[in-house]
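If you're matching positions, the sequence shown starts at 1 in the working numbering and goes up one per residue.
In this text, a Cβ means the ideal position worked out from N, Cα and C, and glycines have one as well.
First comes the structure, then the notes that go with it.
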Amino acid sequence: MTLYFLIKYLHVLGAITILGTGTGIAFFMLMAHRTDNAEFIARTASVVVIADAIFTLSAVILQPVTGGLLMMLSSTSIMERWILASLVLYAIAGLFWVPVVFMQIEMRDLARKAAEQHAALPERYFVLFRRWFAFGFPGFGATMAILWLMIAKPF
């Protein structure tokens, strides 16, 4: 196995991790939210925050490193339009992902507090959840578009 293919493997693995973890987190948060059970939401959100920190963050860091190495090893210019488009989309995805991380932490904390007090979830939780849900579409859409650009290299 050449160095190029090893780095390409890590790059593809990072993309899979970002998309897979993002999809899984969205699914589990949505399913927990639908229960309206503060204790269950708190437990689920706790795991989601950990998963985001371990898997998503490491992949988010890995992607530009492996992408840069692939460009260098293949003598590909950063000025290639598909790479520029990917970088813009990566920035867009990041602009939506970073706030989502803080929303998840706050939703977890609000659900924990409600569970401890045997109270209903506060309105702030629902505001955050709607925002979290809405932020998922452009963030996930951008990562899907990047994946397509990586495979198709259309321009």
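Query	Result
Report the CB separation of I92 from P138 in whole angstroms; it is logged as a contact under 8 Å.	7 Å
Can at least three beta-carbon pairs, one atom from the region 121 to 130 and one from the region 44 to 58, be found at a separation below 8 Å?	no
Kindly provide the ranges of any alpha helix (DSSP H) runs that are 4 or more residues long and lie completely inside the region 21 to 108, ordered along the chain.	38 to 51 and 57 to 74
From F5 to P99, what does the alpha carbon distance come to, in whole angstroms?	34 Å
Quick one: give me the first and last residue of the alpha helix (DSSP H) that T143 is part of.	E123 to A152
Rank W148, T17 and I7 by C-alpha distance to the C-alpha of I83 and give the top, closest one.	W148
Output needed for L142: all residues of its chain with C-beta closer than 8 Å, excluding positions within five of it in sequence on either side, in chain order.	First, the residue type needs correcting, since residue 142 is Ala and not Leu in the sequence shown. So the qualifying residues of the chain are L89, Y90, I92, A93 and F96.
Take the Cβ of Q104 as the centre, count every other Cβ of all protein chains shown within 10 Å, and call the residue buried at 16 or more, exposed below.	buried
Just to confirm my understanding: we take G136, look at its own chain, exclude 5 residues before and 5 after, and list those with CB closer than 6 Å. What are they?	A26
Name the residue from I61, M29 and L69 whose alpha carbon lies nearest to the alpha carbon of I7.	L69
Can you give the Cα-Cα distance for G24 and W132, rounded to whole angstroms?	14 Å
Tell me, please, whether the CB atom of R130 is closer than 8 Å to any CB atom in chain D?	Among the protein chains of the structure shown there is no chain D, as only one such chain exists.
Looking at the structure shown, is F5 part of a helix, part of a strand, or coil, going by DSSP?	helix
Can you tell me whether R108 is buried or exposed, with buried defined as 16 or more other CB within 10 angstroms of its CB?	buried
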